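Peer 1:
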Amino acid sequence: MGWNSYDCFGATVTEDEVKANARWMADSLKRYGWQYIVVDFCWFYPHPPGSKASPPPQFRLPDGSYVPWLPMDAWGRLLPDERKFPSAVGGQGFRPLAEFVHSLGLKFGVHIMRGIPRQAVWAKTPVKGIPGVTADQIADVHDTCSWLNTMYGLDMSKPGAQAYLNSLLELYASWGVDFIKVDDISQPYHAAEILGYRRAIDHCGRNIVLSLSPGETPLSRATEVNQLANMWRLSADLWDNWNQLRHAFELAAAWVSYARPEHWPDIDMLPIGRLSLRGPVGSPRYSRLSDDELQTLMTLWCITRMPLMLGGNLPDNRPFDCRLETNAEAIEADQGPYQPRLLQQSDTLIIWQSTDTLTRSKIFLAFFNLSEHPIKTTFRLNRIAAWSSANRRSSDILVRDVWKNESWRTRTRRQLFVQLPPHGCVLYRLSGYENPKQSE
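In terms of the working numbering, the sequence shown is residues 17 to 456.
1. Rounded C-beta distance between MET285 and TYR82? I'm assuming under 8 angstroms.
2. Compare the beta carbon distance of PRO331 and ALA38 with 7 angstroms and say whether it is the shorter of the two.
3. Between TRP368 and ILE319, which are expected to be in contact by the criterion C-beta below 8 angstroms, what is the C-beta distance as a whole number of angstroms?
4. Please say whether HIS439 and GLU341 have beta carbons closer to each other than 7 angstroms?
5. What's the C-alpha gap between GLY212 and ASN182?
6. Is the segment 145 to 161 touching the segment 223 to 233, taking contact as three or more C-beta pairs under 8 angstroms?
7. I'd like the span of the beta strand (DSSP E) that includes PRO281, first residue to last.
8. Can the beta-carbon of ALA346 be found closer than 7 angstroms to that of VAL418?
9. Going by other Cβ atoms of all chains shown within 10 Å of its Cβ, with 16 needed for buried, is ASN246 buried or exposed?
10. Using only CA atoms, which one of ILE53, ARG334, THR371 and ARG76 lies nearest to ASP7?
11. Using only alpha-carbon positions, find the residue among ARG262, GLU33, LEU267 and GLU209 that is nearest to PRO234.
12. Consult DSSP for ASN407 and reduce its assignment to one of helix, strand or coil.
13. Under 6 angstroms Cβ to Cβ from ALA238, same chain only, skipping five residues before and after it: list those, please.
14. By Cβ distance, which residues of its chain are closer than 6 angstroms to GLY80, with the 5 residues on each side in sequence left out?
15. Between the segment 358 to 367 and the segment 48 to 56, do at least 3 Cβ pairs fall closer than 8 angstroms?
16. GLY448 and SER377 - do their beta-carbons sit closer together than 7 angstroms?
17. Between which two residues does the alpha helix (DSSP H) carrying TYR180 extend?
18. Would the segment 214 to 224 count as touching the segment 184 to 196 if we require 3 or more Cβ pairs under 8 angstroms?
19. Could you check what DSSP says for ASP159 in three-state terms: helix, strand or coil?
20. Would you report the Cα separation of LEU94 and THR141, rounded to the nearest angstrom?
21. Using 10 angstroms around the beta-carbon of ASP194, count the other beta-carbons present and answer buried if the total reaches 16, otherwise exposed.
22. With DSSP run on the structure shown, which of helix, strand or coil describes ASP312?
23. Are there 16 or more other CB atoms within 10 angstroms of the CB of ARG134, so buried, or fewer, so exposed?
24. Going by other Cβ atoms of all chains shown within 10 Å of its Cβ, with 16 needed for buried, is GLU33 buried or exposed?
25. Taking 7 angstroms as the threshold (C-beta atoms), are PRO72 and TYR61 in contact?
26. CA-CA distance, PRO296 and HIS127?
27. Between the alpha carbons of LYS453 and ARG427, how many angstroms are there, rounded?
28. Can you tell me which of the three DSSP states SER447 falls into?
29. Near GLN435, what residues of its chain come up, given a Cβ to Cβ distance below 6 angstroms and the 5 sequence neighbours on each side ignored?
30. Along the alpha helix (DSSP H) that carries GLU31, what are the first and last residues, could you check?
31. Identify every run of the beta strand (DSSP E) within the segment 352 to 403, keeping only runs that are complete inside it and at least 3 residues long; order them along the chain.
32. Using only CA atoms, which one of VAL157, VAL241, ASN165 and TRP280 lies nearest to HIS202?
33. If we require 4 or more residues per run, which alpha helix (DSSP H) segments fall completely within the segment 68 to 121?
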């Protein structure tokens with residue numbers, strides 16, 4: 017659970033903006049479980065003040081060198097741009113910013129591009145720890161990203177390629193990084209480099225979350241990626257668009273069975289709140305999703321236990337955004353010991369159930385209306401998974417509407433009567449109810 021700078025600042029987020037979001041999270045969200053502050057891409061790029069270039073280009077000069085020259089150390093490892101991140105001055109990197117985030121009781125993460133900087137290959141920078149090996153000897157110059165031209169892929173069969181990744185993660189660990197999002201790696205799927213990053217993290221001596229991007233990650237790689245990554249993207253970038261959100265239901269259904277503790281399929285960030293302040297998609301705005309659609313977004317992520325990474329500028333949150341992000345019961349469905357499964361799916365109505373795996377005494381039920389019209393439906397409570405033995409002694413159930421904050425009693429043989437607005441949902445939390453007279 018955390019915040020990522022991409023949806024609101026694209027490639028141009030500054031240190032002050034990161035700190036403002038970190039303070040807001042610490043003050044308003046941390047007690048609900050939100051903890052990661054992630055600086056997204058191109059933190060190394062020397063943007064002129066006010067620039068909205070996203071993604072920003074790098075140009076090759078006649079002598080083969082590059083402009084703008086990106087801040088980089090002697091070992092070919094990129095450093096933060098000091099104009100955007102003044103505390104990085106003097107080669108300190110992200111250590112001062114990470115210390116600030118940690119001082120708030122939060123964790124710090126960075127986005128990185130797969131591979132090695134092209135300018136390091138041109139400069140033939142040495143690979144740390146492997147005498148005589150230079151960047152040009154480990155790069156695959158034919159393996160490039162289609163949308164950002166600053167990096168080459170690594171040929172992991174070459175001596176020194178793994179050492180380069182080890183040195184990279186050694187640097188990030190020294191900064192105090194807790195999370196890395198590696199981009200341009202899972203679509204197309206780069207198996208050897210994914211394994212390389214996994215090994216580098218395991219070698220660095222610090223617990224660092226490995227998140228892979230972008231999607232769609234091939235379903236045929238599900239077992240492998242589940243073993244190597246902590247998060248892996250299921251979709252291309254998801255924005256405030258109903259058609260994309262509707263597609264997310266298909267992705268969740270296909271991938272939910274591959275989740276396990278510390279290893280999670282990841283649809284994408286949550287486009288809630290104030291978006292695209294300086295790009296990357298469209299003009300500055302609050303999310304174009306309606307309130308019903310935003311509630312559907314948050315409910316789908318929570319009932320299927322997807323990672324929760326906020327994309328909007330937190331200090332600009334509206335009251336409704338705050339209610340979505342601070343509903344403790346919805347967050348319980350996402351973060352607690354629950355096992356989700358798809359109960360029913362049609363073109364218009366989808367029902368998910370998620371059961372407490374420890375006691376089986378609590379169940380979440382989510383109903384989603386994908387149609388353009390209101391829906392009324394009924395649901396027999398005896399369709400849900402068996403209760404724990406303690407609850408089978410009583411047929412009373414406490415039903416709680418998570419978003420409306422309303423509760424009532426019913427019995428297992430009865431029905432729920434559900435009304436759903438277009439593109440809307442309800443989320444119920446069901447628990448066994450013991451009549452006090454029966455327990456005396």
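Each residue gets a CB set at the ideal place from its N, CA and C atoms; glycine is no exception. For clarity, every value in this text was computed on a predicted model and none was experimentally measured.
Peer 2: In short, the structure shows the following:
1. About 30 angstroms separates the beta carbons of MET285 and TYR82, which is beyond the 8 angstroms limit, so they are not a contact pair.
2. For the 7 angstroms CB-CB criterion, PRO331 and ALA38 do not form a contact.
3. Between TRP368 and ILE319 the beta-carbon gap is near 5 angstroms, inside 8 angstroms, which marks them as a contact.
4. Annotated as distal: GLU341 and HIS439, with beta-carbon spacing of 7 angstroms or more.
5. So the alpha carbons of these two residues sit roughly 8 angstroms apart.
6. In short, these stretches do not touch, since the Cβ pair count stays below three.
7. Where PRO281 is concerned, the enclosing beta strand (DSSP E) stretches over 280 to 282.
8. Yes, the Cβ-Cβ distance between ALA346 and VAL418 is below 7 angstroms.
9. Sixteen is the threshold: when 16 or more other Cβ atoms of the shown chains lie within 10 Å of the Cβ of ASN246, as they do, the residue is buried.
10. Shown here, the chain extends from 17 to 456; a query on residue 7 therefore has no answer.
11. The shortest C-alpha separation from PRO234 is found at LEU267.
12. Note that ASN407 has pLDDT 49, beneath the 50 cutoff, so the model's placement of it is unreliable and the number below is only indicative. The answer is helix: DSSP assigns ASN407 an H, G or I state.
13. Answer for ALA238: TYR274, listed in chain order.
14. TRP138.
15. Segment contact: the segment 358 to 367 against the segment 48 to 56, fewer than three CB-CB distances shorter than 8 angstroms; contact not assigned.
16. Yes, the pair counts as a contact, with Cβ atoms nearer than the cut-off.
17. Secondary structure note for TYR180: its alpha helix (DSSP H) is the uninterrupted segment 177 to 191.
18. Yes, the segment 214 to 224 touches the segment 184 to 196.
19. DSSP places ASP159 in strand when its eight states are reduced to three.
20. About 12 angstroms.
21. With 16 or more Cβ atoms within 10 Å of its Cβ, ASP194 is classed as buried.
22. It should be noted that the sequence gives Thr, not Asp, for residue 312. Note: THR312 maps to helix in three-state DSSP.
23. Under a 10 Å Cβ-count criterion, ARG134 is classified as buried, with 16 or more other Cβ atoms of the shown protein chains found around its own Cβ.
24. GLU33 is buried by the Cβ-count criterion.
25. The answer is yes: Cβ separation under 7 angstroms.
26. Straight through space, the alpha carbons of HIS127 and PRO296 are spaced by roughly 15 angstroms.
27. Note that LYS453 has pLDDT 40, beneath the 50 cutoff, so the model's placement of it is unreliable and no number is given.
28. Looking at SER447 - three-state DSSP - the assignment turns out to be strand.
29. Apart from sequence neighbours up to five positions away, the residues of its chain that approach GLN435 with a beta-carbon distance below 6 angstroms are LYS392, ordered along the chain.
30. Start and end: 31 to 44.
31. Within the segment 352 to 403, the complete beta strand (DSSP E) runs of at least 3 residues fall at 354 to 361, 365 to 372, 378 to 385 and 391 to 396.
32. It is worth fixing the name first, because residue 202 is Ser in this sequence and not His. For SER202, the closest C-alpha among the options VAL157, VAL241, ASN165 and TRP280 is that of VAL241.
33. Entirely contained in the segment 68 to 121, the alpha helix (DSSP H) runs reaching 4 residues are, in chain order, 111 to 119.
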